Structures are given as structure tokens and as C-alpha cells.
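Colleague: Read in the working numbering, the sequence shown has 139 at position 133, and its numbers run on one by one without any break. Have a look at this one before I ask anything.
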Amino acid sequence: MIAYLSGILLESEYSRCIIDVNGVGYEVAISLATFDKLPLPENPVKLHVITIVREDAISLFGFATPEEKGLFRALLSVSGIGGKIALGILGAMPPANFCAAIASGDVKALSNIPGIGKRTAERMIVELKGKLSDLPGAAGAAAPTASSAAADAALALEQLGYKKDAVNRVLNAILEEPDAAKMDSEQLLRAALGRLAF
């Protein structure tokens, strides 16, 4: 199984990219979060990969971080969620926020993800609760207020024109701090703005 690819990025779109590894072009499905982290074409790139083998196809799913890869693997264990839906979830919510939403049973936050209805959100909570604590970045983000507050702050920052990649990176860093659980969306927004200004 292919678990990692390192080569030259030939081309990329919001949902896929092609990586040249020693003359072989690998087509890899990616999330929006990973797309935001890709370099320009003709530059070196490294992706963590999950290989899914079916009777009619071999599919590669690539991730910029181990957190994304671990969460994708966990999502595939939920009944009714395949690779395409899992990638959509990863692109809509940072891993730390998703873990917090699952831990706190935040159906509303999960239902706001495109393509995820209330029933699917409830099923994810039931099947994933208690299983995400080992994921990198999950610790410290399980407070009930963290997910909805961070999601509100992320939306506000993106509406202000900040790139999703930068917003997610800054908010994830803030959520890992000891006092993050006590912060509401306005406090998170102010903290993130302070860091994004530099």
C-alpha cells in the first residue's frame, strides 16, 4: 500500500492533484484544506496517503498533515461515509474543531458542514465519540464551547478576507492552549486577528 508520496507537483485542482514521483504520475484526491497547503506546480511536494483498493479501482487520498490523514481514516469507519464525503468534511472544518464537535455532541456544528444532514451528524457522534482522542491535535479541543466558537470565529475571519489555510492554522494553535476552552467566539476572533496581523 502507498502511505506517502514525495515528488514534484505537476498540477492541482481543489479536489485532486498529480504528483510526479521518479517519472510516474500519481493522481491523488485531496481536500480543500490540503489544496490550500499545496505549492505551485513544478515545485516539490509531500503528501501523506491512504490507498483504498476496490474491485474496480485503486484510489489514492492525500493529506498535508498526519491529523487530516488520521481523521479521514476515522471517518471512513462511520457507516455511510465514503472517501468523497470524508474529504468534504476535512475541507469544511479543521481537525481540532471536528474532534471538539464530536466530543461535545455538537450536532448543529456538524450539520453545518455541506452534505452532512442531522442524521449523519448524529451517526458520526455515536460512532466516533471516544475514538478521536489519539489523533494529533485532538487534545485540548474537546470543550463543548470550543467547536462552535471556533467555527464562528473562522467564518468571521474568512469573511474578512483571510485565507482558510491561515485561519485554520492560527485557530488550531489557539485551541491547543490551556485557556482556549474558556474563550468565546469574540475572544477567539480577537486572538486570531492579533496573530494574523504579523
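All residues carry an ideal CB built from backbone N, CA and C; glycine is no exception. Fair warning: this is a prediction, and the values are worked out from it, not measured in the lab.
1. Measure from the alpha carbon of Val-59 to the alpha carbon of each residue in Ala-107, Ala-109, Met-7, then state which is nearest.
2. Take the Cβ of Val-132 as the centre, count every other Cβ of all protein chains shown within 10 Å, and call the residue buried at 16 or more, exposed below.
3. Return the CA-CA distance between Ala-145 and Phe-104, expressed in angstroms with no decimal places.
4. Would you kindly check if the distance between the Cβ of Gly-89 and the Cβ of Ser-65 is under 8 Å?
5. Have a look at the DSSP bridge pairing and note the partners of Thr-57.
6. Quick one: residues in its chain with C-beta nearer than 8 Å to the C-beta of Pro-45, no 5 flanking neighbours on either side, listed in chain order?
7. Given this structure, state the Cα-to-Cα distance separating Met-189 from Ala-9, to the nearest angstrom.
8. Do you know offhand how far His-54's Cα is from Ser-21's?
9. Using alpha carbons as the reference points, say which of Ala-157, Leu-82, Ser-191 lies closest to Ala-117.
10. For a quick check, are the C-beta atoms of Met-170 and Asp-42 less than 8 Å apart?
11. Does the pairing of the segment 92-102 with the segment 119-127 give three or more beta-carbon distances under 8 Å?
12. Does the distance from the C-beta atom of Val-176 to that of Glu-164 stay below 8 Å?
13. If you draw a straight line from the alpha carbon of Ser-12 to that of Val-27, how long is it in whole angstroms?
14. Considering only residues of the same chain and omitting the five flanking positions on each side of Ala-203, which have a CB-CB separation below 8 Å?
Modeller: Looking at the coordinates:
1. Met-7
2. exposed
3. Residue placement at Ala-145 is poorly supported in this model, since its pLDDT is 44, which falls under 50; the coordinates still yield a value, given next. If I take the Cα positions, the gap works out to 12 Å.
4. Less than 8 Å separates the beta-carbon of Ser-65 from that of Gly-89.
5. For Thr-57, which the question treats as bridged, DSSP gives the partners Leu-66.
6. Once the five neighbours on either side are set aside, the close Cβ partners of Pro-45 are Leu-15, Val-51.
7. 37 Å
8. 15 Å
9. Residue identity differs from the one stated: residue 117 is Ser in this sequence, not Ala. The candidate whose alpha carbon is nearest that of Ser-117 is Ala-157.
10. Looking at the sequence shown, residue 170 is not Met but Lys. Their beta carbons are under 8 Å apart, which means Lys-170 touches Asp-42 by this criterion.
11. yes
12. no
13. 7 Å
14. none
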